[in-house]
Every structure is written in structure tokens, then in C-alpha cells.
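Residue numbers (the numbering used here): 171 to 420. The C-beta atom is built at its ideal place from N, Cα and C for all residues, glycine as well. Scroll down for the structure; my scribbles are underneath it.
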């Protein structure tokens, strides 16, 4: 509605980044009791509210709940990442119609602002064409690529515009590098974050970011070329595995 316009072109990435900033500042307050951090949280909350984005609040509340529930438990955090995504898929596939009243309370509908239509179209496109190998990393949304032409044809049947991105992390990965690539990605990320305790006192930051990126990636554009969140998840996974290797070496 134009209430808040800044460096971001859309409200969801902006609001979600503000949410992550609040999470980090809250953790810092817990450790240091800083008045400056408290003031920054107040400012970030004001900006978050001004975004009018449900995604932003989801990226604040859900990661915090998950983090508090698992941070001190002797469970493998990589499997939590896997479970959240699978649980979301089951919700979308079987239970969304039963949640209509909850979505209506927030001014939304069970299509998740058109996302279910996007997902159905993209799943059909990739299943009919490049299910196992995808259309090539970073190429699928180029207007001159074969993948984009397939997507354009699918969208033109029932949607007016073509979004840039699948609005789901796993589906985006399948479009880019196929089911084979998704399986390899999951093996890599899950195995790495199962070893997150190797980070010691830095574990909480890594775990907070993983939960934030997980929730964000359920309904937003992520793991596309140039997106820092998907890149940083992979970078963190590499770092964890490197620390694990160093620990075994000593």
C-alpha cells in the first residue's frame, strides 16, 4: 500500500530480514543486557509492522519457537530442518482447506496469495520436462531459456503474470538442478547441520539462521542465483563440515 518504501522492492524480503535482525538482537540482549540493542529492536519492530507482511511475523515467531524448543536438546538439527519442510508439504497437500478461518483472520486465503497455483504449475512443468536434472542452475528464469518458455505457457492458462521464483526453496532447487540435485543438496545440508554442535558458542547464531532460512524458504524466493540466504546456508554447511574435519584431525 506504499506505507513503507525503502531499499527493498517487495515487502516480504524486507520484513523477513527485519525479523532476523530482531532475533539476533534479542539473543544479544539475553547475553549482554544492552540498552542499544533494545532500542534497535523497537525500531526494527516498528519497521516490521509498517511492512504489513505476514511472512515477516512468521519469520520472527516460528524460528524463535523452534530455536527455543531444540537449542539445548540432544537432537540432530539437520533432521529438524528436513521435518519442517516435510510437515509443510503435508499441510499444503492435505490440510489447507481446514485452515481457512485462520487465514481469513489474517486477511489471507488458503491459496497463500496465489502460491498454491504457482506450485501446481511449476510441479507440472518440471515433472513433464526436466524432473531429474532441472533446467540448469540460474537459467530457468531467463526469458530466453527453454524452462522459462514452458513456465510461461503454463502460467498463461490461469495466471496473469509470471513471478520470478518458485516461492518455495525445494521447488526452486528442483527447477534449477532437478530431483537428483535436491537429494544431493539435502544430504549435504542435513549431514552438516547434524554436526552443528561443533561450532561451540557460535552454534546459536548458525541455528537461528538455519531456522529463519527454513521458514522463509517455505513460501518465498530462495536458492535462486544471487540470493544470499540460500548461499549462506550452503556456506554455513561447508564451514560446519570443515570444523568437524579439523576436530577429528586433532
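Exercise for review: Buried or exposed for residue 391, please, with buried defined as at least 16 other CB atoms from any protein chain shown within 10 angstroms of its CB.
Suggested key: Position 221 of the chain shown, counted from the first residue, corresponds to residue 391. Here residue 391 is buried, its C-beta having at least 16 other C-beta atoms within 10 Å.
task: Label residue 300 either buried or exposed according to how many other C-beta atoms from any shown protein chain fall within 10 Å of its C-beta, with 16 as the threshold for buried.
output: For the purposes of this step, residue 300 is taken as the residue at position 130 of the chain shown. Residue 300 should be labelled buried.
- Message: As a quick exercise: from 183, 198, 203, 187, pick the residue whose alpha carbon is nearest that of residue 374.
- Response: In the chain shown, residue 374 corresponds to position 204, counting from 1. That would be 198, whose Cα lies nearest to the Cα of residue 374.
With distances taken from CA atoms, which of 277, 418, 340, 247 is nearest residue 120?
The displayed coordinates of the chain run from 171 to 420. Any statement about residue 120 would go beyond what the structure contains.
Would you call residue 275 buried or exposed, if buried means 16 or more other Cβ atoms sit within 10 Å of its Cβ? The sequence position of residue 275 within the chain shown is 105, counting from 1. Burial call: exposed.
Going by beta carbon distance, what residues of the same chain come within less than 8 Å of residue 293, once the five residues before and after it are set aside? The residue given as residue 293 occupies position 123 in the chain shown. If we look at residue 293 and ignore the five residues flanking it on each side, its Cβ neighbours are 341.
- Just the Cα atoms here: how many angstroms apart are residue 347 and residue 322? Taking the chain shown and counting its residues from 1, one reaches residue 347 at position 177. Taking the chain shown and counting its residues from 1, one reaches residue 322 at position 152. Residue 347 and residue 322 have their alpha carbons spaced roughly 19 Å apart.
Original post:
How is residue 171 classed by DSSP in three states: helix, strand or coil?
Top reply: As a first step, residue 171 is located in the chain shown; it is residue number 1 there, counting from the start. Note on residue 171: pLDDT 45, under 50, position unreliable in the model; the coordinate value appears next. It is coil, neither helix nor strand.
* **residue 311 versus residue 284: straight-line alpha-carbon distance, rounded** => Residue numbering aside, residue 311 sits at position 141 when the chain shown is read from its first letter. Residue numbering aside, residue 284 sits at position 114 when the chain shown is read from its first letter. Residue 311 and residue 284: Cα-Cα distance of roughly 19 Å.
Margin query: Short of 6 Å in beta carbon distance, which residues of its chain neighbour residue 295, apart from the five on each side in sequence? Order them along the chain.
Written below: Reading the chain shown from its first residue, position 125 is the one you call residue 295. Its chain contains 320, 321, 324 as the residues whose beta carbon lies nearer than 6 Å to that of residue 295, once the 5 sequence neighbours on both sides are disregarded; these appear in chain order.
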